[in-house]
Amino acid sequence: MLKVGLTGGIGSGKSTAAAQLIKLLGNDAALVDADQIARDVITPALPELVQAFGQGILQADGSVNRGELAARAFVDREHTDMLNAIMHPKINKLTERRFQHAAAEGKLIVLYDNPLLVDMSKHKDVDVVIVVDVDSQERVRRLVAHRGLDPDDARRRIAQQIDDDTRRAAADLIIDNNGGLEQLEPQVARIADQLRQQAHTTPATD
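Quick note on numbering: the numbering used here labels position 14 of the sequence shown as 14, and the sequence is numbered without any gaps.
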């Protein structure tokens with residue numbers, strides 16, 4: 001099974017690229033989405049999160065207010081590290097189970113969509129690293145336009161992630177997503193063909 005890591009900074013359009021890749025690869029591939037896994041494990045992590053970030057991250061019904069948690073966790077590197085220390089062991093455990101499930105289903109490719117693939121050195125655990133690359137100013141524009149973030153907040157969140165040069169240096173393949181879908185789609189199609197060919201020559205893994 002070919003393990004493919006897909007990453008990109010916040011606002012890069014990484015999830016759009018992942019969705020297109022999975023659509024093109026069809027039944028040959030399984031998607032392991034790190035953001036979805038984080039949502040899946042957040043409930044069992046709530047006691048630790050409240051202890052670290054306060055009761056203010058909870059909504060009236062006791063569930064987490066993701067916006068408030070993000071505001072407190074991404075204020076600086078220290079608080080981001082606190083969040084990661086709580087969440088990542090749980091995320092890693094569930095991620096491994098998802099990989100095992102894909103292998104048991106006989107998938108040729110597992111696409112691991114993770115914004116922190118390089119930040120957390122997870123790129124060393126995959127066979128191919130794809131980076132969705134977008135200029136930081138364009139990412140700020142998108143975060144303001146599409147997510148409603150304040151420009152300073154957008155810049156702060158970008159700064160909390162690994163720098164673009166380091167991310168690019170870890171890449172086997174780079175998708176330039178500074179343009180629109182008309183620029184993205186042909187790049188993704190070429191990569192899908194390349195991954196399918198490579199998967200057929202990759203030895204089976206556990």
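All residues carry an ideal CB built from backbone N, CA and C; glycine is no exception.
Asked, Found
"At the level of alpha carbons, what is the spacing between ASP127 and VAL4?", "6 angstroms"
"By Cβ distance below 6 angstroms, which residues in the same chain neighbour ASP193 in space, the five residues on each side in sequence not counted?", "none"
"Should ASP165 and LEU31 be called a contact, given that it needs their Cβ atoms to be closer than 8 angstroms?", "no"
"Tell me which residue opens and which closes the alpha helix (DSSP H) that GLY179 is part of.", "From DSSP, GLY179 is part of no alpha helix (DSSP H); its letter is neither H nor E."
"Could you give the residue range of the alpha helix (DSSP H) that holds ASP152?", "151-160"
"My parser needs the alpha helix (DSSP H) runs of 4 or more residues fully inside the stretch 92-160; what are they?", "136-147, 151-160"
"Pick out whichever of LEU195, VAL110, MET87 has its Cα sitting closest to the Cα of ARG98.", "VAL110"
"So, with DSSP's three-state summary, where would you put VAL188?", "helix"
"In this structure, what does DSSP give as the bridge partners for LYS14?", "For LYS14, which the question treats as bridged, DSSP gives no partner whatsoever."
"Out of ALA159, GLN59, GLN137, GLN160, state which residue places its alpha-carbon closest to the alpha-carbon of ASN177.", "GLN137"
"Please report the Cβ distance between PRO115 and THR7, rounded to the nearest whole angstrom; I am assuming they are in contact, meaning their Cβ atoms lie under 8 angstroms.", "6 angstroms"
"Rounding to the nearest angstrom, what Cα-Cα distance links LEU173 and HIS123 in this structure?", "12 angstroms"
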